[in-house]
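J.:
Residue numbers (UniProt numbering): 1 to 284.
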């Protein structure tokens, strides 16, 4: 994962863990990215919320995006999930443009719905407010896309769903409805629903912001365990600084629609370079 930012990084003495992370990032920088934003902007009317961002995310990488409200973090995730279209710039996954496609003559044109559906199969998203279907059981919430999008048999879908629900500690809630679950349990179901599709990247959008404080830990614990498996790339949009520090390979600090600073967790939280980041961290 690479970004452009407005300061020169200083050389620092690195711990063993930091050296290991930097070696991993060096290898990733030399490989093709899984996701790439190039010169991406986004405006809503006269309000420009993304002001020209370049960003790379590699396969299996865990990227935390921190910053004040209104910095454009959620919009970046929604673009990847095809929920928002960039105003300008290019966004690709697997080197394939998300919002453009080629016609039969090889000419570029706007992506159609079939193309966008194929993109969504590669991307999962866990929302702030769970977005579960209230009239469906936990099992059906998790299996619905498996049968309707991936065309799996009912038996295969249930088997995959049960395995994922066991991983998030909710196999015993298979027959329950969302109204019978706590907020933390609902969010764990939402995580299972995203991961059961086996996407290449998952966007976690402030997944604890709607939870009571005592329920935050159970959700973060599940994400930490999934992150350790290392198979799925993650974009972690979060206000949980300790969580970002523990889970992420790299952290981005954004403000006012720009990437201000990026680096390893040690760089960002122990050696902030910009005054804007130092001010942000001092207010936590």
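Where a beta carbon is used, it is the ideal one built from N, C-alpha and C, also for glycine.
Quantities reported herein were computed from a predicted structural model and do not represent experimental measurements.
Considering only the beta carbon of each residue, do residue 234 and residue 202 sit closer than 8 Å?
T.: Cβ atoms of residue 234 and residue 202: closer than 8 Å.
J.: Please state the DSSP three-state secondary structure of residue 185.
T.: Helix.
J.: For residue 162, which option in 46, 173, 133 has the closest C-alpha, if you only look at C-alpha atoms?
T.: Cα-wise, what sits closest to residue 162 is 173.
J.: Comparing alpha-carbon positions, which option in 77, 36, 49 lies nearest residue 236?
T.: It is 77 whose Cα lies nearest to the Cα of residue 236.
J.: Between the region 217-229 and the region 142-162, do three or more beta carbon pairs fall short of 8 Å?
T.: Too few Cβ pairs lie closer than 8 Å, so no.
J.: Measure how close the beta-carbons of residue 87 and residue 41 come, nearest whole angstrom, since I'm counting them as under 8 Å.
T.: The pair is a contact, with the Cβ atoms about 5 Å apart (cut-off 8 Å).
J.: By DSSP's criteria, residue 125 is part of a beta bridge. Which residues make up the other side?
T.: Answer is 203, bridged to residue 125.
J.: Going straight from the alpha carbon of residue 125 to that of residue 142, what length do you get?
T.: Between residue 125 and residue 142, the C-alpha separation is close to 13 Å.
J.: What residues are listed by DSSP as bridge partners for residue 97?
T.: Residue 97 pairs with 92.
J.: Going by CA-CA distance only, name the one from 51, 250, 178 that's closest to residue 134.
T.: Here the closest residue by C-alpha is 178.
J.: For residue 177, write down the residues that DSSP places opposite it in a beta bridge.
T.: Bridge partners of residue 177: none, in fact.
J.: Leaving aside the five residues before and after residue 240 along the sequence, list all residues of the same chain whose C-beta is less than 7 Å from its C-beta, in chain order.
T.: Cβ neighbours of residue 240 beyond the five flanking positions: 208, 220.
J.: Using a beta-carbon distance below 8 Å, is residue 61 in contact with chain C?
T.: Among the protein chains of the structure shown there is no chain C, as only one such chain exists.
J.: Determine the extent of the beta strand (DSSP E) in which residue 41 is found, giving its start and end residues.
T.: Note, residue 41: beta strand (DSSP E), 35-44.
J.: What does DSSP give as the partner residue(s) for residue 252 in the beta ladder?
T.: Residue 252 pairs with 65, 262.
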